[in-house]
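Line by line, the protein sequences are chains R, E and D. The numbers in my numbering rise by one with no breaks, and the one at position 50 of the first sequence is 915. The numbers in my numbering rise by one with no breaks, and the one at position 92 of the second sequence is 957. The numbers in my numbering rise by one with no breaks, and the one at position 25 of the third sequence is 890. Heads up, the beta-carbon is just placed ideally off N, CA and C, and yes, glycines get one too. Since the structure comes first, as C-alpha cells, the remarks are kept for the end.
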Amino acid sequence: MNALDYFNARLEATISPMDYMKASKADPNKYMLIDVRNGPAHVRNVTIHGAAIIPQQELADRLSEIPKDKEIILYCWDVWCNTAAKAAKVLLENGFKVKELTGGITAWKELDFPVSTLTEEKALPDDCGC
Amino acid sequence: MNALDYFNARLEATISPMDYMKASKADPNKYMLIDVRNGPAHVRNVTIHGAAIIPQQELADRLSEIPKDKEIILYCWDVWCNTAAKAAKVLLENGFKVKELTGGITAWKELDFPVSTLTEEKALPDDCGC
Amino acid sequence: MNALDYFNARLEATISPMDYMKASKADPNKYMLIDVRNGPAHVRNVTIHGAAIIPQQELADRLSEIPKDKEIILYCWDVWCNTAAKAAKVLLENGFKVKELTGGITAWKELDFPVSTLTEEKALPDDCGC
C-alpha cells in the first residue's frame, strides 16, 4: 500500500467534524449519527446533538434500528478510541455505509459544536455491562 | 492488509513534528511546508514558521507554485482534520512527493515549535469561499 | 483498500488505552508494554506503570530482551507521534506480535490511568544520542 492508497482509505473511512457539520446541514436526511461509546452511562451523558445512542457492545443486536439507505456516522471518545472502528467493522460487514467521525466527541467539543446533555428523566440505563 | 502494511503506509504518508523539525534543520532545501487549512483568514493567522499558505480549496488551481523536486509537507488543524489528507491526495495524483505533518498546527504548538503571526499588512484575504 | 480493510488494519495494529487496561488486568502475563520514546531522559521520567523502557533508537540492538511469546504493546508520546510505528515496523519484521497503544502516554494520562515516576537513583541515562 502506498501513500495515496493510505489517504484514499482514510478519506473513505472517516469524516472530520467540520466536514460532517457542513454536509449534515446541507442534507440532514442523508446521515444518521450514532454515539457508540461503551462504559457507565453517567460518563456518557453529554452527547453530540442529534446523535442516536447505541453502545458498540449492543450494536450487533440492534442492527434493525439502523437504516441501510443513510450514511452512518459513528463516534466514540477521542482520536485514540477504537470503539467506533470496531462498530464500523460490524456495520460494514453487514452492508451498511459507514464513516467514523474523526476525533470523537472530544474534537467536536473543542470546535464548540453543539452537544446535548441528557436529563435525569432521559438518562441512560447504567447496565450496559461494560 | 496486515499490521506491518499499516505501519509502513503510515510512515510513508506522514511525518511527525519532531521528525520534520530535525529533518528540515538538517536539509532545509529538501522540503516545502504548506499550510492547507481552509476557513476564514482570521482564524488562520498563526501559521507554522516558514510555511507557504495554499488553502486546500485552492490547491488544484495552484499546482504550478509547488516544486516537483522537493518533499511537500502538508498540515491542517489537528489529528482529526482531513484537509491535509485531501490535499495530499491531489498532490500525489499529480506526481508530487508528499507527507502529512501529523497533528497539524495543534501538535506543533504543543511542542512549542516556532510559529508566525501574520501582521495586518500581510493578512490573508478573507474570501476563500470556505 | 476499502473502508473495511482500513478499520481491520487499524484494529489489528493498535489497541486503545481502555482496551489494554482491561486486557492486561484479565491476563497480565500475555503482554509486555514498552516505552519506546527517544529524547532526553528527563522529559521521559514519567512512564506508564509497568512499562519496560527501550528507546526506539536502541530497539534493533536490544531485540533479545523482548519475548516472542507475548503480545508486545508499544507507546510513545501522543497520537501524532510516529516513534511507536517505527518500532512496531522493526518488531513485526522480526517476527514479534505487536500493537501500538493509541494516543501514547498523553491519552493514558488523560484517562487517569497509572503512571510511574522514575526516582533519581533509577533515572534513565541521558545519553541515548537523540
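Assigned secondary structure, THR879 of chain E (DSSP; H/G/I helix, E/B strand, else coil)
Secondary structure of THR879 of chain E (DSSP, three-state): strand.
Pull up the distance between the alpha-carbon of LYS895 of chain R and that of ALA917 of chain D, whole angstroms please.
Their backbone Cα atoms lie some 48 Å apart in a straight line.
Measuring only the C-alpha atoms, how far is TYR940 of chain E from GLY969 of chain D?
Near 21 Å, if we compare the C-alpha coordinates of GLY969 of chain D and TYR940 of chain E.
Rounded to whole angstroms, what is the Cα-Cα separation between PRO979 of chain E and ILE913 of chain E?
Computed Cα separation, rounded: 6 Å.
Assign ASP992 of chain E to one of two classes, buried (16 or more other C-beta atoms within 10 Å of its C-beta) or exposed (fewer than that).
Residue placement at ASP992 of chain E cannot be trusted, given a pLDDT of 49 that sits under 50; the coordinates are not used to answer.
So with Cβ pairs under 9 Å, would you call ALA874 of chain D a contact of chain E?
Chain E contact via Cβ: present.
Near-chain E residues of the region 939-969 of chain R - C-beta to any C-beta below 7 Å
Hits within the stretch, in order: VAL944, THR967 and GLY968.
Does chain R have any CB closer than 9 Å to the CB of GLY904 of chain E?
Chain R, which has a Cβ nearer than 9 Å to the Cβ of GLY904 of chain E, makes this yes.
Tell me which same chain residues have a C-beta within less than 7 Å of the C-beta of ASP884 of chain R, skipping the five on either side of it?
If we look at ASP884 of chain R and ignore the five residues flanking it on each side, it has no Cβ neighbours.
Find the residues of chain E that neighbour TYR871 of chain R, judging by a C-beta separation of less than 8 Å, and give them in chain order.
Neighbours of TYR871 of chain R on chain E, chain order: ALA874, ARG875, GLU877 and ALA878.
For ARG875 of chain E, count the other beta carbons within 10 Å of its own beta carbon; 16 or more makes it buried, fewer makes it exposed. Which is it?
It counts as buried.
Three-state secondary structure (DSSP) at LYS935 of chain E?
LYS935 of chain E: coil per DSSP, three-state reduction.
What is the DSSP secondary structure of VAL901 of chain R, counted as helix, strand or coil?
Note: VAL901 of chain R maps to coil in three-state DSSP.
Proximity below 9 Å, CB of LEU928 of chain E to CB of ASN959 of chain E
By the CB criterion at 9 Å, LEU928 of chain E and ASN959 of chain E fall inside the cutoff.
Reference ILE931 of chain D; option with closest CA among D:ILE880, D:VAL908 and D:LEU957:
Ranking D:ILE880, D:VAL908 and D:LEU957 by Cα distance to ILE931 of chain D puts D:LEU957 first.
For THR971 of chain E, which residues of its own chain have a beta-carbon under 7 Å away from its beta-carbon, when the five flanking residues on both sides are left out?
Non-local beta-carbon contacts of THR971 of chain E in its own chain, meaning distances under 7 Å to residues more than five positions away in sequence, involve TRP942 and ASP943 in chain order.
Is there a Cβ from chain E that is less than 9 Å from the Cβ of PRO882 of chain R?
Interface annotation, PRO882 of chain R: in contact with chain E, CB-CB separation under 9 Å.
Please identify the residue among D:ALA925, D:GLU975 and D:LEU976 whose C-alpha is closest to the C-alpha of LYS951 of chain D.
Taking only the C-alpha atoms, the option nearest LYS951 of chain D is D:ALA925.
Tell me, which residues are paired with LYS890 of chain D by DSSP?
Partner(s): none; LYS890 of chain D has no beta bridge.
Among E:GLU936, E:LEU869, E:PRO920 and E:TYR871, nearest to PHE961 of chain E - alpha-carbon criterion:
The candidate whose alpha carbon is nearest that of PHE961 of chain E is E:GLU936.
List the whole-angstrom C-beta distance separating SER881 of chain R from TRP945 of chain E, where the pair is believed to meet the contact cut-off of C-beta under 8 Å.
Rounded to the nearest angstrom, the Cβ distance from SER881 of chain R to TRP945 of chain E is 6 Å, consistent with a contact under 8 Å.
Contact set for GLY915 of chain R: own chain, Cβ-Cβ below 7 Å, skip 5 residues either direction
The beta carbon of GLY915 of chain R sits closer than 7 Å to those of LEU898, all from its chain and outside the five residues before and after it, given in chain order.
Whole-angstrom distance between LEU983 of chain E and SER879 of chain E, CA atom to CA atom
The sequence given here has Thr at residue 879 of chain E, not Ser. Rounded to the nearest angstrom, the two C-alpha atoms are 27 Å apart.
What's the gap between the Cα of ASN873 of chain D and the Cα of MET886 of chain R?
Taking C-alpha positions only, ASN873 of chain D is separated from MET886 of chain R by approximately 27 Å.
Let's test the definition: count the other Cβ atoms within 10 Å of the Cβ of GLN921 of chain D and tell me whether it reaches 16, buried, or not, exposed.
It counts as buried.
Suppose you measure from the CA of ALA953 of chain D to the CA of GLU965 of chain D; what does that come to, to the nearest Å?
Distance between the alpha carbons of ALA953 of chain D and GLU965 of chain D is about 7 Å.
With a threshold of 6 Å on Cβ separation, who are the neighbours of HIS907 of chain D within its own chain once the five nearest residues in sequence on each side are excluded?
Excluding positions up to five away in sequence, the list is empty.
Does the beta-carbon of ALA891 of chain R have 16 or more other beta-carbons within 10 angstroms, so that it is buried, or is it exposed?
Burial call: exposed.
Pick helix, strand or coil for GLY994 of chain E, following the three-state DSSP scheme.
Per-residue confidence for GLY994 of chain E stands at a pLDDT of 42, beneath the threshold of 50, marking its modelled position as unreliable; the derived number appears in the next sentence. Coil at GLY994 of chain E, not helix or strand.
Which same chain residues, not among the five before or five after GLY994 of chain R, have their C-beta less than 8 Å away from its C-beta?
The predicted model places GLY994 of chain R with a pLDDT of 42, which falls under 50 and marks its position as unreliable; any figure quoted below should be read in that light. Taken in chain order, the residues that qualify are GLN922.
Does DSSP classify VAL944 of chain E as helix, strand or coil?
In the structure shown, VAL944 of chain E sits in coil (DSSP, three-state: anything other than H, G, I, E or B).
Close beta carbons around ASN867 of chain E, own chain, < 6 Å, minus the five adjacent residues each side:
Same-chain partners within the cutoff: there are none.
Quick one: residues in its chain with C-beta nearer than 8 Å to the C-beta of THR948 of chain E, no 5 flanking neighbours on either side, listed in chain order?
Non-local beta-carbon contacts of THR948 of chain E in its own chain, meaning distances under 8 Å to residues more than five positions away in sequence, involve VAL901, ARG902, ASN903, GLN921, CYS941 and TRP942 in chain order.
I'd like to check one pair, GLU975 of chain D with TYR871 of chain E: are the Cβ atoms closer than 9 Å?
Taking 9 Å as the Cβ cut-off, TYR871 of chain E and GLU975 of chain D do not qualify as a contacting pair.
Under the rule that 16 or more other beta-carbon atoms within 10 Å means buried, what is VAL963 of chain R, buried or exposed?
Of the residues assessed, VAL963 of chain R falls on the buried side of the cut-off, its CB having 16 or more other CB atoms within 10 angstroms.
If you follow the beta strand (DSSP E) that THR967 of chain E is in, where does it begin and where does it stop?
Taken as a continuous stretch (DSSP letters only), THR967 of chain E belongs to no beta strand (DSSP E), as it is neither H nor E.
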